[in-house]
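In the numbering used here, the protein residues as written are 200 to 542.
Structure record follows, encoded as C-alpha cells.
Right, dumping it as C-alpha cells:
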C-alpha cells in the first residue's frame with residue numbers, strides 16, 4: 200500500500216511516498232480503516248528532525264490525524280462495521296498502564312499516532328476500536344482530519360485545564376497555527392473576549408474573521424504586550440495561550456493580569472526560556488502546561504464540530520504524494536490553518 204513516510208531523521212529530503220508497505224491486519228479489539236484524509240501537524244516536523252531518545256522503526260509512517268471508512272474489524276469489535284465513516288482520536292493509551300486514570304488518559308504513558316508509533320498517512324491503518332468515532336454524513340473526511348490533535352489540545356488547555364469562563368479575556372499568541380485557530384473559536388464559543396497576536400496583517404485579518412475581537416500585528420507592534428495592557432485598561436488579560444515559547448514568554452508574562460493563567464501548549468520558537476521570576480510571584484501567576492487530552496475531551500470537541508459550532512480551518516489541500524511540500528509549508532509558516540493530505 201502507499202504511505203507517506205520518514206526514511207530517516209533529517210531534512211525535507213527524508214520524506215518519501217512508498218508503495219510497497221504491507222496492508223495491516225486488525226487484531227482483537229482493532230479496526231482497519233481505509234484512510235481518505237490525514238492532516239499534518241508540527242509534530243510531524245519534529246519527528247522528521249528527531250530528538251535525543253526517539254527511536255523509531257524506519258520507514259516511519261507520518262500523521263496523527265485522519266479520517267476514512269472502516270474496511271475490516273478484528274475479533275471482539277461490536278460497535279463498528281465495514282462501511283462506517285470514522286475519524287480517529289490521535290492518542291493511544293496502553294490499557295495495562297498502572298498510571299492510567301480514567302479521564303486523565305493523556306497523563307499516562309500515552310503514545311501519539313505518528314510520533315512514537317506508526318501514523319495514519321497510508322491507504323490503510325489499524326487502530327484500537329476505542330479510538331474511533333462515527334462521523335455524520337455531512338462532515339467531510341478532510342474537515343474531521345483537520346480537527347483532531349489541534350482541537351483536542353486547544354479544548355483541553357482552555358476548558359479542562361484552564362477553566363476558561365464566560366466574560367474572561369484571552370490572549371492567543373500566534374494567529375495561523377492549528378492550535379491557535381482552534382483556540383480562537385473555542386474561546387469565543389466559551390464567551391470570552393479574544394485578543395490575538397499575529398505575524399502579518401493578512402493573518403490578523405483571518406484571525407478576526409474567525410472571531411478575534413482585537414488583533415495585534417507584531418510586525419508593526421513589536422511591543423504588543425504593552426498594547427494588550429492598554430487595551431485592557433492596564434489590567435492585563437485573564438488567560439494567555441502561548442505555544443511559541445522562547446520568543447514570546449516574557450511578553451506573555453507582561454500581558455497577563457495579576458492572578459492570571461498562562462497556558463503553555465507548545466514551543467515553536469524553542470523550548471528553553473529565560474524567565475524573570477519576579478513576574479511569577481509578584482503577579483501570583485499560574486503557569487499551566489497542557490498537551491493532548493483524554494478521550495472524553497475528544498468526544499466533546501468533535502461533537503461541537505459535528506454540530507457546526509466549531510469550524511476546522513484548512514489552509515492547504517494536497518495529495519499524499521506532496522507530503523514533503525506540506526511539511527515545508529508548516530516549517531516556513533506559509534499557511535493559515537491546517538495542511539490536509541488526501542489519499
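Where is the CB? At the ideal position from N, CA and C, for every residue including glycine.
Pull the bridge partners of residue i from the DSSP assignment, please.
i	result
residue 229	327
residue 477	Note: residue 477 sits in no beta bridge, so no partner.
residue 394	370 and 413
residue 518	541
residue 286	266 and 332
residue 488	463
residue 528	DSSP output for residue 528 lists no bridge partner at all.
residue 383	Answer is none; residue 383 lacks a bridge partner.
residue 239	538
residue 234	267
residue 504	Note: residue 504 sits in no beta bridge, so no partner.
residue 291	310
residue 259	205
residue 216	203
residue 272	230
Can you give me the C-alpha to C-alpha distance between residue i and residue j, rounded to a whole angstrom?
i	j	result
residue 213	residue 441	30 Å
residue 527	residue 211	7 Å
residue 259	residue 203	8 Å
residue 322	residue 517	15 Å
residue 324	residue 223	7 Å
residue 220	residue 257	12 Å
residue 462	residue 491	13 Å
residue 311	residue 348	9 Å
residue 503	residue 496	11 Å
residue 478	residue 413	24 Å
residue 294	residue 228	12 Å
residue 529	residue 514	10 Å
residue 476	residue 536	34 Å
residue 232	residue 540	16 Å
residue 343	residue 481	43 Å
residue 340	residue 448	36 Å
residue 239	residue 247	12 Å
residue 473	residue 421	19 Å
residue 373	residue 438	14 Å
residue 471	residue 445	6 Å
residue 314	residue 244	10 Å
residue 288	residue 432	41 Å
residue 236	residue 278	22 Å
residue 363	residue 218	46 Å
residue 209	residue 538	21 Å
residue 507	residue 332	16 Å
residue 286	residue 382	21 Å
residue 534	residue 524	11 Å
residue 464	residue 327	26 Å
residue 356	residue 330	20 Å
Among the residues of its own chain, which have a CB less than 7 Å from the CB of residue i, if the five just before and after it don't count?
i	result
residue 282	268 and 269
residue 436	368, 369, 370, 394, 427, 454, 455, 456 and 459
residue 418	398 and 399
residue 200	220, 222, 321, 322 and 323
residue 520	216
residue 280	269 and 272
residue 522	203, 214, 216, 261, 320 and 540
residue 346	501, 504 and 511
residue 206	213, 215, 257 and 258
residue 416	397, 399, 400 and 403
residue 499	354
If you drop the 5 nearest sequence neighbours on each side, which residues of the same chain put their C-beta closer than 8 Å to that of residue i?
i	result
residue 234	265, 266, 267, 319, 320, 321, 322, 323, 324 and 542
residue 365	389, 390 and 391
residue 430	394 and 413
residue 316	291 and 310
For residue i, which residues from the same chain have a beta carbon less than 6 Å from its beta carbon, with the 5 sequence-adjacent residues on both sides left out?
i	result
residue 450	424
residue 226	273
residue 309	290 and 292
residue 509	384 and 503
residue 284	268 and 334
residue 360	487 and 489
residue 452	478
Verify the CB distance criterion: does residue i have a CB-CB separation below 8 Å to chain B?
i	result
residue 217	Checking the listed chains, one finds no chain B in this structure; it contains a single protein chain.
What runs of the beta strand (DSSP E), each 3 residues or longer, lie entirely inside the stretch 420 to 467?
-> Counting only runs of at least 3 residues, the stretch 420 to 467 fully encloses the following beta strand (DSSP E) elements, listed from N- to C-terminal order: 436 to 441 and 455 to 463.
Exercise. Only counting runs of 3 or more residues, tell me where the beta strand (DSSP E) segments fall wholly within the stretch 310 to 381, in order along the chain.
Key: Whole beta strand (DSSP E) segments, 3+ residues: 323 to 327, 331 to 333 and 368 to 372.
* the stretch 377 to 387 in contact with the stretch 346 to 358 per 3-pair CB rule at 8 Å -> Under the three-pair Cβ rule at 8 Å, the stretch 377 to 387 counts as touching the stretch 346 to 358.
- Item | Touch test, the stretch 242 to 262 against the stretch 327 to 336, Cβ-Cβ under 8 Å, three pairs minimum | Cβ pair count under 8 Å is below three, so no.
>> Three or more C-beta pairs under 8 Å: does that hold for the stretch 476 to 496 against the stretch 392 to 408?
In response: Not touching, per the Cβ criterion.
Does the stretch 383 to 391 come into contact with the stretch 408 to 420, if we say contact requires no fewer than three beta-carbon pairs (one atom in each stretch) closer than 8 Å? Yes, the stretch 383 to 391 touches the stretch 408 to 420.
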